[in-house]
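Structure record follows, encoded as structure tokens.
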Amino acid sequence: MVMRVGGLASGMDIDALVEKLMNAERAPLNKLTQKKQTYEWQRDAYRGVNTKLKTFDTYIADNLVLKSLNSKTASTSNSNLVSATATGSATGSLSIEGVSQLATSARAVGNQVSAVGSTKMSDLIGTGTKTIELKAIKADGTMPSEATKIEITDGMTVNQFVSKVNASNAGVSVVFENGRFSFTAKNSGDNKAGEEIDVVSGKDIFTSLGFFQQKDELGNVIDKFQTTDGKNAIFQVNGIATERPSNTFNLSGYNVILKDTFNSTQTIADKYKSAQKEMQLATENEANKAIALTNALSAYYGNGSSDTPNYTNTHNNSYNAVFGNTLSLTEQAEYRKLTTSDWKNLTAEEFETIKLASSNSKEDVIAAIDSSNLSDESKTKLKAFSAEKLQTVYNASENEFSHFKVQANYVSFGGSKLKDLSGEAITALKGLTIDETTDLSEIRTSISENEYFSDDLKSALKALDKETLSALQNSDEAILNEYATKAQSDELKSQYSKLGDAKILEVIADPSKVSSLTEEQQTIWNSLSATEQAAFKNLAEQNQLRSAYNTAKAEDTAADARLENAVSSLNTAKADAQNAGLLNGDGTINDDLVNAAPSAPPVSLSSTTNVDDMMNKIKEFVTTYNGLIKDLNDQTKETKYRDYAPLTPEQKKDMDEDEIKLWEEKAKSGLLRNDSVVRNGLSNMRSLIYQSNPGLEGTKYNTLFNIGITSSKSYNDGGTLEIDEAKLRKAIEEDPDAVERLFKNVEGKKEDVIDGKTVDTRGYLEKLRESMKSLEVNIEKKAGRSTMTDAQYAIGKSLIDNEKRIDTWQNKLKNIEARYWKQFTAMETAINKANQQSSMFMQG
Numbered sequence: 000m001v002m003r004v005g006g007l008a009s010g011m012d013i014d015a016l017v018e019k020l021m022n023a024e025r026a027p028l029n030k031l032t033q034k035k036q037t038y039e040w041q042r043d044a045y046r047g048v049n050t051k052l053k054t055f056d057t058y059i060a061d062n063l064v065l066k067s068l069n070s071k072t073a074s075t076s077n078s079n080l081v082s083a084t085a086t087g088s089a090t091g092s093l094s095i096e097g098v099s100q101l102a103t104s105a106r107a108v109g110n111q112v113s114a115v116g117s118t119k120m121s122d123l124i125g126t127g128t129k130t131i132e133l134k135a136i137k138a139d140g141t142m143p144s145e146a147t148k149i150e151i152t153d154g155m156t157v158n159q160f161v162s163k164v165n166a167s168n169a170g171v172s173v174v175f176e177n178g179r180f181s182f183t184a185k186n187s188g189d190n191k192a193g194e195e196i197d198v199v200s201g202k203d204i205f206t207s208l209g210f211f212q213q214k215d216e217l218g219n220v221i222d223k224f225q226t227t228d229g230k231n232a233i234f235q236v237n238g239i240a241t242e243r244p245s246n247t248f249n250l251s252g253y254n255v256i257l258k259d260t261f262n263s264t265q266t267i268a269d270k271y272k273s274a275q276k277e278m279q280l281a282t283e284n285e286a287n288k289a290i291a292l293t294n295a296l297s298a299y300y301g302n303g304s305s306d307t308p309n310y311t312n313t314h315n316n317s318y319n320a321v322f323g324n325t326l327s328l329t330e331q332a333e334y335r336k337l338t339t340s341d342w343k344n345l346t347a348e349e350f351e352t353i354k355l356a357s358s359n360s361k362e363d364v365i366a367a368i369d370s371s372n373l374s375d376e377s378k379t380k381l382k383a384f385s386a387e388k389l390q391t392v393y394n395a396s397e398n399e400f401s402h403f404k405v406q407a408n409y410v411s412f413g414g415s416k417l418k419d420l421s422g423e424a425i426t427a428l429k430g431l432t433i434d435e436t437t438d439l440s441e442i443r444t445s446i447s448e449n450e451y452f453s454d455d456l457k458s459a460l461k462a463l464d465k466e467t468l469s470a471l472q473n474s475d476e477a478i479l480n481e482y483a484t485k486a487q488s489d490e491l492k493s494q495y496s497k498l499g500d501a502k503i504l505e506v507i508a509d510p511s512k513v514s515s516l517t518e519e520q521q522t523i524w525n526s527l528s529a530t531e532q533a534a535f536k537n538l539a540e541q542n543q544l545r546s547a548y549n550t551a552k553a554e555d556t557a558a559d560a561r562l563e564n565a566v567s568s569l570n571t572a573k574a575d576a577q578n579a580g581l582l583n584g585d586g587t588i589n590d591d592l593v594n595a596a597p598s599a600p601p602v603s604l605s606s607t608t609n610v611d612d613m614m615n616k617i618k619e620f621v622t623t624y625n626g627l628i629k630d631l632n633d634q635t636k637e638t639k640y641r642d643y644a645p646l647t648p649e650q651k652k653d654m655d656e657d658e659i660k661l662w663e664e665k666a667k668s669g670l671l672r673n674d675s676v677v678r679n680g681l682s683n684m685r686s687l688i689y690q691s692n693p694g695l696e697g698t699k700y701n702t703l704f705n706i707g708i709t710s711s712k713s714y715n716d717g718g719t720l721e722i723d724e725a726k727l728r729k730a731i732e733e734d735p736d737a738v739e740r741l742f743k744n745v746e747g748k749k750e751d752v753i754d755g756k757t758v759d760t761r762g763y764l765e766k767l768r769e770s771m772k773s774l775e776v777n778i779e780k781k782a783g784r785s786t787m788t789d790a791q792y793a794i795g796k797s798l799i800d801n802e803k804r805i806d807t808w809q810n811k812l813k814n815i816e817a818r819y820w821k822q823f824t825a826m827e828t829a830i831n832k833a834n835q836q837s838s839m840f841m842q843g
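Here it is as structure tokens:
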């Protein structure tokens, strides 16, 4: 550190002189500091643009996407029988010709028990913690896949039990009054396959609470929980007899509420006839699907085959003939029943322990695990396996287990990226230094710099942690070669997938069809030898036979379910017809009775578009859009005041707050003037206005221009929108659905095919939101976002570079100031010495 000597000898103000000199020297640093401030302001200005874009996007999502643009009002000819509201998708009119039955909820009312609300549940069901499990019909008429468990503790009272059930997700409402329990399903409807309130476990508990004690006509106790079964609403709409689990439902865009029954006789008769017809069709369909399944089964497994394993030997052999060293299809099916991590971490000792079980049941396997010498950790891990996982391991042969272990290790080491792991690459891998003293970053640097590793292999190796890398390095060379072979097989699988079964068989049958393949597909196909092409053909044939069998099996299962539902529906419809006295002795409907029954006019439902509301929504959107466009356009046209640079701290000391504020307003102006990113984004948004939507066929309203929305004719307006209200109103009145689809086409796709051409059939709003998102992304590349580091975006990188230059200049200025002080100190020392000598001469 330089010792500073003031101007005592020279009489000069050295501090002031050095300060003035340093002010001049500090000019480059001030420019860098001002540049830093400009970067930060510009970054914030860009981020401000993104904030405005996101705000506008949220407005579109909340007001125009999630909500219907097309507001409709429903009217009903008899609101006492049927009421309705219309959604934006309501189309045409509905005619409800009759309602024979309203939907009701299932209920179970128990016999009286000796209890009040404060009675302990243990007095009724015994001591100890007990559990019941319930399922109740859902709003859509289906039953839950899993039951809800409710625990009954020792000290719980009846009232507490009721509260706990009501607060659960069991789907029932419980009441306890006058010593009786009542369970009612929260949702109405008929579970065709059983009771709507299903007691999955705890039947003995419910028996103690007064349930399961109903008797039949002969006085025998029947196994039934419910005292009243749930019912579906049965009605006829537009000539079709149908039913719903609730009295409130959506139909063709109408939210319908059935309030009362009417024309019941006709509806019951029509429902029965429809059920008879469906029974006939379902029976025929089931027979056809059964024949199709038999044929598909014979084609894949062989004539008369009853053994249907996952895959045939022929299929497995065809697969392995194409892909070589890989798991067979049957092995893959078994391998996937556990995770790759499960197979990798399963030790030989653990495998052998499971194999020692007396059977593949979970109980026997768990018993073998408990009696083994495995560590507690191993036992805990294995006992956490599902029954299917334990069964899979038990059924696997030693050879399969070995294959699965190799496959699991191969996948965890990088899978298909290991295709180049052979020869020199293996030698290079073995030569890497991987030990306790070597940092992972050093290892990865060595991998990146190794000339024998391909890019894919480098990517795979660098993705591994140190322990996994060490395990891979220590693998036998034969195993490493096997990994490479597996990876090459996977590469071939990828090529096969790009061709596909259908194309392979097509070009085999007609070689001229090769020209119809894509360029990539042609390259793959032409690279295959005749033998390989024949192998591809055999596998494709087996794949298609297997696919046909799976499809036939699924369709047969669906046909069985349809027939089962048809039987249930017919039984219900027949019972209703019998109760109404409408059946003849031969099981047919007595049409004379039906025709003689009193009838009421059908209830008609219709909807009309609320034109004014739709107009207001579109006008509000245009106003909001124009506000955004004007704001962004103004920013690109702001005046740039080049004489107003950001203020330095020294400059601010001599100014008051108002002066600083006015100065910085000028300094911040024009930060995005003529900015190419924002201007290009605005240009892309403007270009959407005149694009037609090819997905709106059969209507003239397929552009915004056609409904009266255009961009301003003034260039200075920057593409704001204008509305011809008369034209817009006419379009909404004539075809409101087309106008809504123009803005948001739910069925539209970015890449749709119409008349053989790939076109964009999405609505204007979706295209606009994508355009804005693209602008947001481009701005983030330049200005980032608050969660990013400076190194992740362009201005941030400039800030880092600028900060480095500031640091360099600050260090430089310290040295310059030290030099000045050294020079002035030397001058003061010299003057002082001269003064001392002069004084001596004068004294002499």
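Numbers 0 to 843, taken from numbering that gives the first Met the number 0, label the letters of the sequence shown in order.
All residues carry an ideal CB built from backbone N, CA and C; glycine is no exception.
The closest CA to that of serine 668, considering only Met21, Lys35, Ala44, is found on Ala44.
The residue from Gly97, Lys660, Leu431, Ala553 with its alpha-carbon nearest to that of aspartate 269 is Gly97. Judged by DSSP in its simplified three-state form, lysine 803 adopts helix. Setting aside the 5 residues that flank it on each side, alanine 782 is surrounded in the same chain by Arg42, Tyr45, Arg46, Tyr792, Ile794, each with a C-beta closer than 7 Å to its C-beta; the list follows chain order. Counting only the Cα atoms, isoleucine 617 lies some 13 Å from lysine 66.
Here isoleucine 221 carries a coil assignment [DSSP, helix/strand/coil]. In the three-state reduction of the DSSP assignment, phenylalanine 704 falls in the helix class. Boundaries of the alpha helix (DSSP H) around asparagine 537: 529-578. Boundaries of the alpha helix (DSSP H) around threonine 426: 423-429.
Glutamate 476 has no beta-bridge partner at all, per DSSP.
Minimum Cα-Cα distance from methionine 614 among the listed residues Leu28, Lys71, Ala407, Asp14 corresponds to Lys71. A distance of 7 Å or more separates the beta carbons of lysine 53 and leucine 627. With fewer than 16 neighbouring CB atoms inside 10 Å of its own CB, proline 597 falls in the exposed class.
Put simply, of Lys726, Ser675, Phe322 the residue whose alpha carbon is nearest the alpha carbon of asparagine 777 is Ser675. Rounded to the nearest whole angstrom, the CA to CA distance from lysine 552 to leucine 292 is 6 Å. If you keep only unbroken beta strand (DSSP E) runs of at least 3 residues inside the segment 287-347, you get nothing at all. In the three-state reduction of the DSSP assignment, serine 92 falls in the coil class, being assigned neither a helical nor a strand state. A distance below 6 Å between beta-carbons, with the five flanking residues on each side excluded, links alanine 332 to the following residues of its chain, in chain order: Asn309. Alanine 320 is positioned such that its CB atom lies no closer than 7 Å to that of lysine 361. Take the alpha-carbon of glutamate 746 and the one of serine 797: they are about 45 Å apart. Residue pairing for arginine 106: DSSP places it in a beta bridge opposite Thr183, Thr227. In this structure, Arg740 is the residue among Asp716, Arg740, Asn372, Asn679 with its C-alpha nearest to the C-alpha of leucine 703. DSSP places glutamine 111 in the coil class of the three-state scheme, outside both helix and strand.
The count of Cβ pairs closer than 8 Å, one atom from the segment 440-455 and one from the segment 511-526, stays below three, leaving the stretches out of contact.
If you look at aspartate 197, you'll find it in the beta strand (DSSP E) that goes 196-200.
In its chain, beyond the 5 residues on either side, Lys749 have a beta carbon closer than 6 Å to the beta carbon of aspartate 759. A direct Cα-Cα distance of roughly 6 Å separates isoleucine 95 from glutamine 235.
Residue pairing by DSSP places alanine 232 opposite Arg243 in a beta bridge.
For leucine 101, the CB contacts under 7 Å within the same chain, skipping 5 residues up- and downstream, are Ala232, Asn246, Leu257, Thr260 in chain order.
In this structure, DSSP gives serine 162 a helical state, which the three-state scheme calls helix.
In the structure shown, glutamine 100 falls within a strand segment according to DSSP collapsed to helix, strand and coil. Contact between isoleucine 815 and glutamate 24 holds: their C-beta atoms lie close to 5 Å from each other, under 8 Å. Counting along the chain, the unbroken alpha helix (DSSP H) around glutamate 397 starts and ends at 397-411. For glutamate 132, there is no enclosing alpha helix (DSSP H); the enclosing beta strand (DSSP E) covers residues 129-135. Secondary structure note for glutamate 150: its beta strand (DSSP E) is the uninterrupted segment 147-151. A residue is called buried once 16 or more other Cβ atoms fall within 10 Å of its Cβ, and leucine 631 is buried on that count.
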